[in-house]
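Take the sequence shown: its position 218, counted from the start at 1, is 198 in my numbering, and no numbers get skipped. One structure below.
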Amino acid sequence: MNNKLTFSVKHPIWTVTIIELLVIILMTAAGAYATIMELDYTAPVLIAFAPIALALMIYFTWRRKWQRIGFRSLRTISRSDWLYYLPLIAVLVLYAMNGIKPVTGSEVLYCLFVALLVGFVEETIYRGLIFQTLVKKSIPAAVITSTLLFFLTHMLNLLSGQDMLDTVLQLIYALLIGLTLVLFVLKTGNIIPGILFHFVHNLFQDQFIGNTSTMTQIIIVMCVMAAVSTWLAIDLKRTKQWRQWVISGTVNG
-19 MNNKLTFSVK HPIWTVTIIE LLVIILMTAA GAYATIMELD YTAPVLIAFA PIALALMIYF
41 TWRRKWQRIG FRSLRTISRS DWLYYLPLIA VLVLYAMNGI KPVTGSEVLY CLFVALLVGF
101 VEETIYRGLI FQTLVKKSIP AAVITSTLLF FLTHMLNLLS GQDMLDTVLQ LIYALLIGLT
161 LVLFVLKTGN IIPGILFHFV HNLFQDQFIG NTSTMTQIII VMCVMAAVST WLAIDLKRTK
221 QWRQWVISGT VNG
């Protein structure tokens, strides 16, 4: 029977290591190319993430893994569980209050594509592939590993010449968002709300279309994420709501 197990089931640590190394290599190469060619700041993301997204979609379709990774109907999330997402909606409203810059139609379409691309790829890799590879072995390890690797990937911004203070804030920010979103996946077994949040969040934070967030807003959002992740962790420990979908790989609708 063991012969029928996939590589990711038999070797989860190696699987996660390979996934993260591939992401880092692609992002580093894309960043180096964009720097040499003097391309804009979104170019490395586009160059690295577009082929990753295509590969993920082909692989999930071929192996019929969409549902297993967390792409499940939103109806699987109960009405009471939707209340936990309200703080995330409040965060998006806070950033939306900054308004958007005057942009052309083509710029809007480009920003929509890049924001959705990043949301899909990062959530699918860290809260999907990596988390789901480890979760049946050890839930704490799955939560911590997916969060730390998401954090590690964002450390690549240190190589882009970004201001040190901005980078440190972004790293703390990424750590809190990564922890919060993976706890939501643990609670509901559904990755789609996280992708939607990531997409809209990136859209409002985009330098082309969104106005710059204030330091006060960033601190407020970090406090919100810290509070929500604590709330979720306590609730998950108390209710063990995640137990059935982790064991069976399905969610009751």
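Glycine included, every Cβ here is placed at the ideal spot set by N, Cα and C.
Please state whether DSSP places residue i in a helix, a strand or coil.
i: isoleucine 80; result: strand
i: isoleucine 57; result: coil
i: glutamate 103; result: helix
i: phenylalanine 51; result: coil
i: proline 118; result: The residue you asked about is not proline; residue 118 is serine in the sequence shown. If DSSP states are grouped into helix, strand and coil, serine 118 belongs with coil.
i: glutamate 0; result: helix
i: arginine 44; result: coil
i: glutamate 87; result: helix
i: methionine 17; result: coil
i: tryptophan 222; result: coil
For residue i and residue j, I'd like the C-alpha separation in whole angstroms.
i: glycine 233; j: tyrosine 13; result: Low confidence applies here, because glycine 233 scores a pLDDT of 40, under 50, leaving its location unreliable and the question unanswered by this model.
i: phenylalanine 177; j: isoleucine 105; result: 16 Å
i: valine 94; j: arginine 218; result: 38 Å
i: leucine 132; j: phenylalanine 51; result: 25 Å
i: glutamate 0; j: glutamine 197; result: 31 Å
i: lysine 167; j: lysine 220; result: 8 Å
i: valine -4; j: serine -12; result: 8 Å
i: serine 53; j: glutamate 103; result: 16 Å
i: leucine 120; j: tryptophan -6; result: Checking the displayed sequence, the identity of residue 120 turns out to be proline instead of leucine. Their backbone Cα atoms lie some 18 Å apart in a straight line.
i: leucine 6; j: arginine 59; result: 40 Å
i: leucine 2; j: threonine 15; result: 20 Å
i: alanine 35; j: aspartate 20; result: 24 Å
Buried or exposed: which applies to residue i, given that a residue is buried once 16 or more other Cβ atoms fall within 10 Å of its Cβ?
i: arginine 107; result: buried
i: phenylalanine 111; result: buried
i: threonine -14; result: exposed
i: glycine 169; result: buried
i: tyrosine 75; result: buried
i: proline 31; result: exposed
Leaving aside the five residues before and after residue i along the sequence, list all residues of the same chain whose C-beta is less than 7 Å from its C-beta, in chain order.
i: methionine 135; result: Leu151
i: alanine 154; result: Phe130, Phe131 and His134
i: proline -8; result: Thr113, Leu114 and Lys117
i: glycine 174; result: Glu103, Arg107, Leu161, Phe164 and Val165
i: threonine 22; result: Val94
Looking only at its chain, what residues have a beta carbon closer than 6 Å to the beta carbon of residue i, apart from the 5 residues adjacent to it on each side?
i: isoleucine 27; result: Ala10
i: leucine 72; result: Val180
With 9 Å as the threshold, decide whether the Cβ of residue i is near any Cβ in chain D.
i: isoleucine 152; result: Here chain D cannot be found, since the structure has a single protein chain.
Stretch-stretch touch, CB-based, cutoff 8 Å, three pairs: the region 194 to 207 with the region 98 to 105 = Contact between the region 194 to 207 and the region 98 to 105 is absent, because fewer than three Cβ pairs lie under 8 Å.
- request: Kindly confirm or deny that the region 57 to 69 and the region 204 to 221 touch, where touching means at least three C-beta pairs closer than 8 Å.
  value: A contact is defined here as three or more CB-CB pairs under 8 Å, and the region 57 to 69 meets this definition with respect to the region 204 to 221.
inquiry  = Using 8 Å as the cut-off, can you tell me whether the region 120 to 127 makes contact with the region 158 to 176, which would need three or more C-beta pairs spanning the two stretches below that distance?
reply    = With a cut-off of 8 Å, the region 158 to 176 and the region 120 to 127 count as touching, because enough Cβ pairs lie within range.
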